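So for the sequence shown, this note's numbering puts the first residue at 2; every next one is plus one. In this text, a Cβ means the ideal position worked out from N, Cα and C, and glycines have one as well. Everything numeric in this text was worked out from a predicted model, so none of it was measured.
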Amino acid sequence: MLQNDMLESWDRENFFHPSTHLAAFARGDAPQRVVTGGSGSYIEDREGNRLLDAFAGLYCVNVGYGRTEIAEAISAQAHELSYYHAYMGHGTEASITLAKMVLDRAPDHMSKVYFGLGGSDANETNVKMIWYYNNILGRAEKKKIISRWRGYHGSGLVSGSLTGLELFHRKFDLPLTQVLHTTAPYYFRREDRNQSEAQFVQQCVDDLEALIEREGADTIAAMIGEPVLGTGGIVPPPAGYWAAIQAVLDKHDILLIADEVVTGFGRLGSMFGSDHYGIKPDIMTIAKGLTSAYAPLSGSIFSDKMWKVLEQGTDEFGPIGHGWTYSAHPIGAAAGVANLNLVDSMGLVENAGNMGQYLRDGLTDALGGHINVGDIRGDGMLAAVELMADVDAHRFFDADDKITYQIVAAMAEDGVIARAMPQGDILGFAPPLSLSREEVDEIVSKTAKAVTEVLG
Ligand code: PMP
2 MLQNDMLESW
12 DRENFFHPST
22 HLAAFARGDA
32 PQRVVTGGSG
42 SYIEDREGNR
52 LLDAFAGLYC
62 VNVGYGRTEI
72 AEAISAQAHE
82 LSYYHAYMGH
92 GTEASITLAK
102 MVLDRAPDHM
112 SKVYFGLGGS
122 DANETNVKMI
132 WYYNNILGRA
142 EKKKIISRWR
152 GYHGSGLVSG
162 SLTGLELFHR
172 KFDLPLTQVL
182 HTTAPYYFRR
192 EDRNQSEAQF
202 VQQCVDDLEA
212 LIEREGADTI
222 AAMIGEPVLG
232 TGGIVPPPAG
242 YWAAIQAVLD
252 KHDILLIADE
262 VVTGFGRLGS
272 MFGSDHYGIK
282 PDIMTIAKGL
292 TSAYAPLSGS
302 IFSDKMWKVL
312 EQGTDEFGPI
322 GHGWTYSAHP
332 IGAAAGVANL
342 NLVDSMGLVE
352 NAGNMGQYLR
362 DGLTDALGGH
372 INVGDIRGDG
382 MLAAVELMAD
392 VDAHRFFDAD
402 DKITYQIVAA
412 MAEDGVIARA
422 MPQGDILGFA
432 PPLSLSREEV
442 DEIVSKTAKA
452 VTEVLG
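The structure is reproduced here in C-alpha cells:
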C-alpha cells in the first residue's frame, strides 16, 4: 500500500485544484480531503471520516450517492457502446431517450435540447446561439447579454463574464465587454433599508430599464438569471420579481435564459424553477440534477420561437458550426435516463419540497433567535443562514474574520458538510433531494452547535 500512502503528497505536487488557494494548498496550509466513498447522503474519506453531505457535492448529487441503478446503467452502456458522437445526425438509444425525457418534463413551449458537458459550456452554447439567432434575423447590433450581480453561470470566458462575483473576474480580464450586470434581487441586502419588498422589486425593474435605455434595446440580445440566486448567496427572488422582469424583457424584445443548473429536476420541489416562479424562458440551462453528477452532462433547451430561426439559419448558411466531441456522450446520457427514472420512482421532487421546508423550519427554531443570525431563507431543498456582526445595525462581519469558514470547519469536524458561500458570511445548504427527517435533524443540531462554538 506504499503507493496509496503517497496520495496526499502526490496531490499537493501534481494536482491543480479548481477554486482553491493554489499556493496554500501546495504548502500544505489549506484543507485537503481525499474522498473515497459515498452512500445515500454520506461520503467517506481516507481518514475514515463519514460526513453527511449537506451540499450534495456542489448541489448536484440530487439522488444521493451510491445508487446502483445508475451505476449499472453506466456499466451497461460502457459495455455496449462506450462512445459515439452526435454530429451529422448520429445518436444513441440513450441520448435520444434522454432528449425525449427532458422535453417531456420541460415547459410546453420548449422545443429541442442540445447536450454539453457542464453548466459553463452550456451557457457558452446559449450565448453563441443567441448571437446566431440575431444574425439570422438581421439584427447584427443586438448582441449584449445582461446578467445580475451575484449571479453564477460558470467560469469560462463568456460564462465567467456572466457570473457576477468579483472573485471570478479578478485578474482574468473579465467580464467581456458584451456582458452587462444589473441589480441582484437580494432584498435582505437592499441599499435602502426603508424599502418594502414591492418597492425593491420596482427598484430592480427601474435599474434594468435604465441599463437598457443607456445601452439601447437594439444592442441587447438577452438576459440570464438563476430562478433562485445560488452561489451568490442562495437568495429566492422577492415576490413578483420574475413577472416584473419578464415584462420589461418582452417589451424590448430581449430573450430570457433561465439558468436552471441548480434548480432543474426538482430542487425547488417543482420540476423546474421556471414552473415554480412562472418564468417563460427562451432558453433553459440544465446540468447537475440531469445526471445527479454520476457522469458529466449538461443541456441547453431552446424554445419553439428560437428553434424556428436556428433551422432557418441552417437552410440559408449550412450546418450549424457548433459542437463538442463529447456532446450527448452516451455514458452521460445513460446516467441521465437512469437518474431521471430514479427521481420519479423515489418521489424526490415532492420530498425536496417537504424535507426542505422541514430543514428551514429546523434552522429557524434552532438559530432564529441567535444574536448574529440576520436571515434564514431558501426554497425547496435550498437553505441559507446569513450571519452578521450586528443584526440591529445591519452590520456585516469583516471578510478577514472568515466567520463562516470557521463554522464550516467546525461542522466538518463534527461530520456535516455545509458550504461557506463565496461572497459574504452565508452558510449554504443544498443536500440531496433524498434527504430523510433524521438527516435534517443531524444537520440542524450540528449547525447550531458549530454556530455556538464559533460565535458564542
Ligand atoms: N450555472 C449555475 C446556476 C451554476 O450553479 C453552475 C455551477 N455551480 C454553473 C452554471 C456552471 O456549471 P459547471 O460548474 O458545471 O460548469
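Collapsed DSSP secondary structure at residue i in the structure displayed
| i | result |
| --- | --- |
| Ala411 | helix |
| Lys101 | helix |
| His110 | coil |
| Glu387 | strand |
| Lys145 | strand |
| Thr220 | helix |
| Tyr115 | strand |
| Leu181 | strand |
| Glu266 | This sequence places Phe at residue 266; Glu is not what is there. Residue state, collapsed to three classes: coil. |
| Thr164 | coil |
| Val374 | strand |
| Leu230 | strand |
| Thr37 | strand |
| Tyr66 | strand |
| Leu52 | strand |
| Ser43 | Contrary to the premise, residue 43 reads as Tyr rather than Ser in this sequence. Strand at Tyr43. |
| Met2 | Reliability of the predicted coordinates at Met2 is poor, the pLDDT of 45 falling under 50, and the value obtained from them is presented with this limitation in mind. Reduced to three states, the DSSP call for Met2 is coil. |
Environment of residue i [buried if 16+ CB atoms lie within 10 Å]
| i | result |
| --- | --- |
| Trp11 | exposed |
| Lys145 | buried |
| Glu227 | buried |
| Asp380 | buried |
| His110 | exposed |
| Gln313 | exposed |
| Pro19 | exposed |
| Met7 | exposed |
| Lys101 | exposed |
| Met382 | buried |
| Asn195 | exposed |
| Arg106 | buried |
| His330 | buried |
| Met2 | For Met2, the predicted model reports a pLDDT of 45, less than 50, meaning its position is unreliable; a value from the coordinates is still stated below. Counting Cβ neighbours within 10 Å, Met2 comes out exposed, since fewer than 16 surround it. |
| Asn124 | buried |
Short Cβ contact (8 Å threshold) for residue i with residue j
| i | j | result |
| --- | --- | --- |
| Asp260 | His154 | yes |
| Arg268 | Ala353 | yes |
| Ala339 | Glu70 | yes |
| Ala394 | Gly429 | no |
| Ser156 | Ser121 | yes |
| Leu349 | Val64 | yes |
| Pro239 | Val229 | no |
| Ala334 | Leu158 | no |
| Ser148 | His182 | yes |
| Leu311 | Tyr133 | yes |
Residue i CB to nearest heavy atom of ligand 2 below 7 Å
| i | result |
| --- | --- |
| Gly120 | No copy of ligand 2 appears in this structure; the ligands present are ligand 1. |
| said: Does the structure place the segment 362-380 close enough to the segment 286-295 that three or more beta carbon pairs sit under 8 Å? | reply: no
| query | Three or more beta-carbon pairs under 8 Å between the segment 276-285 and the segment 252-259, yes or no? | reply | yes
| request: Report yes or no: do the segment 441-456 and the segment 179-199 share at least 3 C-beta pairs separated by less than 8 Å? | output: No, the segment 441-456 is not in contact with the segment 179-199.
| request: Specify whether the segment 434-450 and the segment 398-405 touch according to this definition: at least 3 beta carbon pairs, one from each stretch, less than 8 Å apart. | output: no
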